[in-house]
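Participant:
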Amino acid sequence: MSVIRSTVAGCGSYLPEKILTNNELAKTVDTSDEWIVQRTGIEQRHIAAEGEVTSDLALAAARRALEHAGRDASDIDTIILATATPDHTFPATAVTVQAGLGITHGAAFDMQAVCSGFVFALTTADAYIRSGMSKRCLVIGAETFSRILDWQDRTTCVLFGDGAGAVVVEAAEGRGSNDDRGILTSHLRSDGRHKDKLFVDGGPSATQTVGHLRMEGREVFKHAVGMITDVIEDAYEATGLTSDDLDWFIPHQANKRIIDASARKLNIPPEKVVTTVQWHGNTSAASIPLALDAAVRDGRVRRNDLLMLEAMGGGFTWGSVLLRW
0 MSVIRSTVAG CGSYLPEKIL TNNELAKTVD TSDEWIVQRT GIEQRHIAAE GEVTSDLALA
60 AARRALEHAG RDASDIDTII LATATPDHTF PATAVTVQAG LGITHGAAFD MQAVCSGFVF
120 ALTTADAYIR SGMSKRCLVI GAETFSRILD WQDRTTCVLF GDGAGAVVVE AAEGRGSNDD
180 RGILTSHLRS DGRHKDKLFV DGGPSATQTV GHLRMEGREV FKHAVGMITD VIEDAYEATG
240 LTSDDLDWFI PHQANKRIID ASARKLNIPP EKVVTTVQWH GNTSAASIPL ALDAAVRDGR
300 VRRNDLLMLE AMGGGFTWGS VLLRW
């Protein structure tokens, strides 16, 4: 049986030039490199330069993804940009990227699911492609979380960084089997009862301010592993595949302890886990495409490899995408 699959034609990423190490952070807030590494695995993060905004990061990643895919910007008919740190309340940051690429057709819009944003955006692109609404999508995760951090709060400011990643997703014909290239299955969840555990204390309607990120770290950690494994097990049930079939596990890069605990619970060996949190920190919606691009560029991820992507973020939101590269 012939089916339409959403295949990834190429990927790209961008990180701001400025690197902020743990030791540098320790000069301004009560923390230490040892404390941060022990609890999070993070050694450094990238910080956007003054005047460098989310759309700048997104545009750079998008151009690299298009180049890697061998596609022109004019080939794109849909841009979906996942971000919790847009340039402005409106218009969508995606339209700034669209204009920057010189695209004057199709649609461009933002998606807000915080750290799960890229998984939600990729799933949306898949739905657009499978329904025939789109032929080729540019899916981007881009964040400047440094702009919403309280730099005196050592429980949050040590965790996050800035960056962007992008993929070109396009329609291709498949046979309807697990051997097809492209997205095989995706699963999304949210539970608003937990919204006060990870949030920003500002907003145009509530406070007329931007606000700062606030987090109950222990509560987030407590829920994370269970939620992550929930949607991954749904993917296995939908396809009949197991952790043994995976070539690579590419999780949201929030905290190495969460990544390690999730992999252990799912019986995924460490050598199959892509980890970049030590270099990037938590880049929210950008973390999965950043990690994916790193693993593609260094040759780990190869054509026909089976990849499991997963994320959990504020809301709570969480989700998984199982795809064959």
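Mapping of the sequence shown onto numbering that gives the first Met the number 0: residues 0 to 324, in sequence order. Backbone N, C-alpha and C fix where the C-beta goes; we use that ideal spot for every residue, glycine too.
Going by alpha carbons, who is nearest to Leu148 out of Glu236, Gly116 and Ala47?
Facilitator: Taking only the C-alpha atoms, the option nearest Leu148 is Ala47.
Participant: For Trp6, is the classification buried or exposed, using 16 other Cβ atoms within 10 angstroms of its Cβ as the cut-off for buried?
Facilitator: Just to set this straight, residue 6 is Thr in the shown sequence, not Trp. Counting Cβ neighbours within 10 Å, Thr6 comes out buried, since at least 16 surround it.
Participant: How should Gln302 be labelled, buried or exposed, when 16 other C-beta atoms within 10 angstroms of its C-beta is the threshold for buried?
Facilitator: The sequence shown places Arg at residue 302, not Gln. Of the residues assessed, Arg302 falls on the exposed side of the cut-off, its CB having fewer than 16 other CB atoms within 10 angstroms.
Participant: If you follow the beta strand (DSSP E) that Phe248 is part of, which residue opens it and which one closes it?
Facilitator: Its beta strand (DSSP E) spans residues Trp247 to Pro250.
Participant: What are the partner residues of Arg213, as DSSP defines its beta bridges?
Facilitator: Phe198
Participant: Could you tell me the boundaries of the alpha helix (DSSP H) in which Trp34 lies?
Facilitator: Asp32 to Thr39
Participant: What does the alpha-carbon distance come out to for the pair Ser54 and Pro268?
Facilitator: 36 Å
Participant: Going by CA-CA distance only, name the one from His193, Asp304 and Asp178 that's closest to Gly312.
Facilitator: Considering only alpha carbons, the answer is His193.
Participant: Using 7 Å as the threshold, is the C-beta distance between Ala57 and Ala141 below it?
Facilitator: Yes, these two residues count as a Cβ contact at 7 Å.
Participant: Assuming Met307 contacts Leu245 (C-beta within less than 8 Å), just tell me the rounded distance between them.
Facilitator: 5 Å
Participant: Roughly how far, in whole angstroms, is the beta-carbon of Val167 from the beta-carbon of Ala64, given that I think they are within contact range, below 8 Å?
Facilitator: Yes, they are in contact, since the Cβ atoms of Val167 and Ala64 sit about 5 Å apart, within 8 Å.
Participant: Could you tell me the alpha carbon to alpha carbon distance between Ile139 and Ser31, rounded to whole angstroms?
Facilitator: 33 Å
Participant: Looking at Asn266 and Ser242, is the spacing between their C-beta atoms short of 7 Å?
Facilitator: yes
Participant: Would you report the Cα separation of Ala73 and Thr95, rounded to the nearest angstrom?
Facilitator: Before going further, note that residue 73 is Ser rather than Ala in the sequence given. Distance between the alpha carbons of Ser73 and Thr95: 15 Å.
Participant: Are the segment 282 to 298 and the segment 254 to 266 in contact at 8 Å, needing three or more beta carbon pairs?
Facilitator: no
Participant: Taking the runs of the beta strand (DSSP E) that are 3 residues or longer, which of them lie wholly in the segment 61 to 113?
Facilitator: 77 to 81 and 106 to 110
Participant: Report the start-end ranges of each alpha helix (DSSP H) in the segment 124 to 176 that is 4 residues or longer and not cut off at the edges.
Facilitator: 153 to 156
Participant: Take the Cβ of Ala205 as the centre, count every other Cβ of all protein chains shown within 10 Å, and call the residue buried at 16 or more, exposed below.
Facilitator: exposed
Participant: Verify whether the separation of the beta carbon atoms of Gly116 and His45 is less than 7 Å.
Facilitator: no
Participant: Going by DSSP, name the residue or residues bridged to Gln43.
Facilitator: Thr20
Participant: From Thr82 to Ser1, what does the alpha carbon distance come to, in whole angstroms?
Facilitator: Approximately 34 Å, taken between the alpha carbons.
Participant: The beta strand (DSSP E) that contains Leu187, what's its start and end?
Facilitator: Gly181 to Ser189
Participant: Excluding sequence positions up to five away, which residues of its chain have a Cβ less than 6 Å from the Cβ of Gly105?
Facilitator: Asp76 and Thr77
Participant: What number of angstroms, rounded off, separates the C-alpha of Gly99 from the C-alpha of Gly239?
Facilitator: The alpha-carbon atoms of Gly99 and Gly239 are separated by roughly 42 Å.
Participant: Short of 8 Å in beta carbon distance, which residues of its chain neighbour Ser185, apart from the five on each side in sequence? Order them along the chain.
Facilitator: Val118, Leu121, Thr122, Asp125, Ala234, Gly318, Ser319, Val320 and Leu321
Participant: Where does His87 land, buried or exposed, given buried means 16+ other C-beta within 10 angstroms?
Facilitator: Classification of His87: exposed, given that the 10 Å Cβ count is below 16.
Participant: Going by Cα to Cα distance, which pick from Gly69, Ile35 and Tyr13 is closest to Arg256?
Facilitator: Ile35
Participant: Pull up the DSSP beta-bridge partners for Trp317, would you.
Facilitator: Arg188 and Met311
Participant: If we ignore side chains and look at the alpha-carbon of each, how far apart do Arg299 and Glu16 end up?
Facilitator: 25 Å
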